[in-house]
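Chemist: Residue numbers (full-length UniProt numbering): 1 to 294.
(1) Quick check: residue 153 and residue 286, are their CB atoms within less than 7 Å of each other?
(2) Reducing DSSP to helix, strand and coil, say where residue 280 ends up.
(3) Mapping the DSSP letters down to three states, classify residue 54 as helix, strand or coil.
(4) Cutting at 8 Å between CB atoms, please list the residues of its own chain near residue 50, excluding the five before and the five after it.
(5) Taking contact to mean 3 or more Cβ pairs, one atom from each stretch, closer than 8 Å, check whether the segment 92 to 106 and the segment 134 to 148 are in contact.
(6) Residue 275: which of 119, 116, 163 sits nearest, CA to CA?
(7) Taking the Cβ atom as the reference point for each residue, do residue 278 and residue 253 lie within a distance shorter than 7 Å?
(8) Using beta-carbon positions only, say whether residue 193 and residue 180 come within less than 7 Å of one another.
(9) Would you tell me roughly how many angstroms separate the C-alpha atoms of residue 173 and residue 13, rounded to the nearest one?
(10) Output the boundary residues of the beta strand (DSSP E) element that contains residue 10.
(11) Do residue 113 and residue 65 come within 7 Å of each other at the CB atom, strictly closer than that value?
(12) Once the 5 residues before and after residue 54 are set aside, which same chain residues still bring their CB inside 6 Å of it?
(13) Taking the alpha-carbon positions, what's the residue 106 to residue 124 distance?
(14) Helix, strand or coil for residue 91? Go by DSSP, reduced to three states.
(15) Output the distance between the C-alpha atoms of residue 86 and residue 36, rounded to the nearest integer angstrom.
(16) Per DSSP, which residues does residue 97 bridge with? Please list them.
(17) Any idea if residue 115 is buried or exposed, counting beta-carbon neighbours within 10 angstroms, 16 or more meaning buried?
(18) Of the choices 131, 74, 224, whose alpha-carbon is the least far from that of residue 57?
(19) What is the rounded straight-line gap between the Cα of residue 18 and the Cα of residue 24?
(20) Which residue or residues does DSSP assign as beta-bridge partners of residue 241?
(21) Mind checking whether residue 281 and residue 151 have CB atoms under 7 Å apart?
(22) Just the Cα atoms here: how many angstroms apart are residue 261 and residue 100?
(23) Mapping DSSP to helix, strand and coil, what is residue 289?
(24) Compare the beta carbon distance of residue 269 and residue 239 with 7 Å and say whether it is the shorter of the two.
(25) What residues in its chain sit with their C-beta under 6 Å from that of residue 200, if we drop five residues either side in the sequence?
(26) Measure from the alpha carbon of residue 248 to the alpha carbon of each residue in 43, 83, 288, 60, then state which is nearest.
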């Protein structure tokens, strides 16, 4: 109990009345290990996307993922390879630790890179499930109003936590050309064909002729129409920023296809779990605005 109290996860008064703190409640809700939660609580607000990924890989929940000798060649090729695509944030030297293995595997999944080792490929799915749970806790922790009110210079950590959580949930980097992989009926093969044909974002997919999409994927009608309809049922936002004076800016967010989405509530592509954030910060890492919309 004293250890939990000293870590800021519970409070104890003079008569030993125990009460969970918000951090302690999150640890319980997301079923995280004490050491993992303590690492999350050490975030100082300046963390980059790469640093947060390292934090996830150091979590106790992934401690049973060992680096096997026969995996090293595959992992080293994913890390650095002049003849093929590699991970987004290469690590120095050869893959030699459990944390480096986890980092490499997560990045390979997010980058849609082929993992030729069957056992490693299977293990990757378990790693991503656990990483998704940790990322959700991370986002909930760094977006707490009480934390932000105490520490305003948290823009980088908030932004990158949300970006990483969305990437892990979607199994794609935020700047991936394989965005179509998120749509129903589109797997790695079709998303690669579409990306190779230049269909690297949802706007280009929706503007394409259905027959052209079918030609690219080598599929018959009405596959192109179905694909375009899925894209049309994604929310489309327009963000406008209007300077008021030297210190004030008005931010306006408009849902452009509100009526179309309202008419198709039972078939929305993003589903009920869809969530959007507006995050505004300055060059000094101050978090000026954080708003969430569902």
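Even for Gly, the Cβ is constructed at its ideal location relative to N, Cα and C. Fair warning: this is a prediction, and the values are worked out from it, not measured in the lab.
Modeler: Looking at the coordinates:
(1) yes
(2) strand
(3) helix
(4) 89
(5) no
(6) 163
(7) yes
(8) no
(9) 46 Å
(10) 10 to 12
(11) no
(12) none
(13) 7 Å
(14) coil
(15) 28 Å
(16) Answer by DSSP bridge pairing: none, since residue 97 is not bridged.
(17) buried
(18) 131
(19) 12 Å
(20) 251
(21) no
(22) 43 Å
(23) strand
(24) no
(25) 177
(26) 288
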